[in-house]
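**Student:** Residue 1 is where the sequence shown starts when you use UniProt numbering, and the numbers rise one by one after that.
Glycine included, every Cβ here is placed at the ideal spot set by N, Cα and C.
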Amino acid sequence: MQIRYSVREGGRRWRKNVNIETETINKLFEILSNERRRRLCVYMVESDDEIFSFEELVGQFVSGASNVDVTVDETVAKRRDRIAIALHHSHLPKLADFGIIEYDMESKTTRYEDFPVDNLADWMMENRRISQ
C-alpha cells in the first residue's frame, strides 16, 4: 500500500509517498489502539517543538487526567509517578520501537520522527474510496 504524508523540515512541510506493507499498517493500528499513545502522538504532531522532555510529556497526562485515570485516594504525586512509569517503560518504548518517535532513555528526551501518523486519517479515507 502507498501512503502519502507530510514532513516538517526547517519550518516547512514537504509531501512524501512511501510504500507500507499491510503488516506494518496492522502493527501501527495495534500501537495506536492505546489512548495514551494516541494522545502522545497528537501532542507531538500539533506542537511546533521537535524535542520534548520526559517531564513535559508526563505533565500532559497529569494535568489532563480524566476521572477514569484517577482513584479517590490517589494524590497528584502518586498519579505523576504512575503515569511516568507507564510512559517510560511501556508507551514511549513502543512508539520508539516502531519508529514514530526517538526516545533517549538516558537524557529522557523524545523527538517526533515525522512518521505519517499525522496524515493517517486522510490516508485511510483515500484508501477506503479506492477500495470501494
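(1) Run the CB neighbour count on methionine 44, radius 10 Å, all protein chains shown included, and call it buried at 16 or more, exposed below.
(2) For glutamate 46 and chain B, any beta-carbon pair shorter than 9 Å?
(3) So, are the CB atoms of arginine 37 and lysine 94 less than 9 Å apart?
(4) For threonine 75 and histidine 89, I'd like the C-alpha separation in whole angstroms.
(5) What does a CB cutoff of less than 6 Å around threonine 22 pick up in its chain, not counting 5 residues either side in sequence?
**Tutor:** Let me lay it out:
(1) Your numbering for residue 44 matches position 44 in the sequence shown. Buried.
(2) Given the protein chain composition of this structure (a single chain), no chain B is represented.
(3) Position 37 of the sequence shown, counted from the start, is the residue given in the question as residue 37. Position 94 of the sequence shown, counted from the start, is the residue given in the question as residue 94. Contact: yes.
(4) Locating residue 75 in the sequence shown gives position 75, counting from the first residue. Locating residue 89 in the sequence shown gives position 89, counting from the first residue. Approximately 21 Å, taken between the alpha carbons.
(5) As a first step, residue 22 must be located in the sequence shown, where it is residue number 22. Once the five neighbours on either side are set aside, threonine 22 has no close Cβ partner at all.
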